[in-house]
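Single-structure report; data block below.
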Amino acid sequence: MNSLALAEQRWGGERQNGEGGRRRLFDELYRRYEGDLRRYAYWLSGDRHVAEDLLQEALLRAWKSLHRLQEPKAAKGWLMTILRRENARRFERIRPLLADVPMEQLSARDSGYDTSTEAFTLRRALEQLPQEYREPLLKQVIEGYSQKEIAAQIGLTAAGVGTRLFRARQKLRRALTA
0 MNSLALAEQR WGGERQNGEG GRRRLFDELY RRYEGDLRRY AYWLSGDRHV
50 AEDLLQEALL RAWKSLHRLQ EPKAAKGWLM TILRRENARR FERIRPLLAD
100 VPMEQLSARD SGYDTSTEAF TLRRALEQLP QEYREPLLKQ VIEGYSQKEI
150 AAQIGLTAAG VGTRLFRARQ KLRRALTA
């Protein structure tokens, strides 16, 4: 039995056992999903430092609202949603700074985003994919969901998701080699 299954088994009792049970559950969720959350934060932000900040803010928010998590099996989606919303909050907090800066001083390199041609080409190719192919591909590659989990989220069979993933990669390969 894996550690998340054990956490699920103890879920009811630990929810009632106060802070100790809460901490153990949160530690287990962190151990299990930290890598997926980190990749998703980087994908959302495009910057390693911003991704770290996003991850910390999202984990703090998750800790504070852990009592709202009703089902441990939904934890990954719950954490990803918190992270995505935290990223949206980041843009709500930004106030435009009006300044006269000469154009030659503006540089994409200063933005913290990956400015390599390959990254730009890949992002553009992903944006060109039809939504029906892009969504499952990003859920698998960036968010770390399995075909079965993706199928449950978007209302398809696992085989249907597999077909869409295959076609998405095929289209991406063609776009990148053209």
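Numbering follows numbering that gives the first Met the number 0, with no gaps: position 4 of the sequence shown is 3.
Cβ atoms here follow ideal geometry from the backbone N, Cα and C, with glycine treated the same way.
A quick note: this is a predicted structure, and the numbers were derived from the prediction, not measured.
{"query": "Three Cβ pairs or more, each shorter than 8 Å: is that satisfied between the stretch 130-138 and the stretch 58-73?", "result": "no"}
{"query": "Please state the DSSP three-state secondary structure of residue 156.", "result": "coil"}
{"query": "Quick check: residue 160 and residue 169, are their CB atoms within less than 7 Å of each other?", "result": "no"}
{"query": "When you compare each of 153, 21, 149 to residue 62 by their alpha carbons, which one comes out closest?", "result": "21"}
{"query": "Just to confirm before moving on: does the CB-CB distance between residue 85 and residue 53 stay below 7 Å?", "result": "yes"}
{"query": "Give me the Cα-Cα distance between residue 58 and residue 82, rounded to the nearest whole angstrom.", "result": "8 Å"}
{"query": "Please specify which runs of the alpha helix (DSSP H), each continuous and at least 4 residues long, are wholly inside the stretch 24-64, giving them in chain order.", "result": "47-63"}
{"query": "Assign residue 44 to one of two classes, buried (16 or more other C-beta atoms within 10 Å of its C-beta) or exposed (fewer than that).", "result": "buried"}
{"query": "Secondary structure at residue 135, three-state DSSP: helix, strand or coil?", "result": "helix"}
{"query": "For residue 157, collect the residues of the same chain with a Cβ closer than 7 Å to its Cβ; drop the 5 residues on either side in sequence, then sort them by chain order.", "result": "146, 147, 150"}
{"query": "So, is residue 30 buried or exposed, given that buried needs 16 or more other C-beta atoms within 10 angstroms?", "result": "exposed"}
{"query": "How far does the alpha helix (DSSP H) with residue 118 in it extend, from its first residue to its last?", "result": "116-127"}
{"query": "Considering only C-alpha positions, which residue in the set 167, 153, 50, 116 is nearest to residue 132?", "result": "167"}
{"query": "Nearest CA to the CA of residue 124: which residue from 65, 35, 79, 172?", "result": "172"}
{"query": "Do residue 78 and residue 36 have their beta-carbon atoms positioned less than 7 Å apart in this structure?", "result": "yes"}
{"query": "Could you tell me how far apart the beta carbons of residue 38 and residue 143 are, in whole angstroms, since I believe they sit closer than 8 Å?", "result": "7 Å"}
{"query": "What residues in its chain sit with their C-beta under 7 Å from that of residue 120, if we drop five residues either side in the sequence?", "result": "175"}
{"query": "Please name the residue, chosen from 66, 91, 164, 177, that lies closest to residue 178 on a Cα-to-Cα basis.", "result": "The shown model of the chain, from 0 to 177, leaves out residue 178, and the question about it has no answer."}
{"query": "Can you tell me which of the three DSSP states residue 143 falls into?", "result": "coil"}
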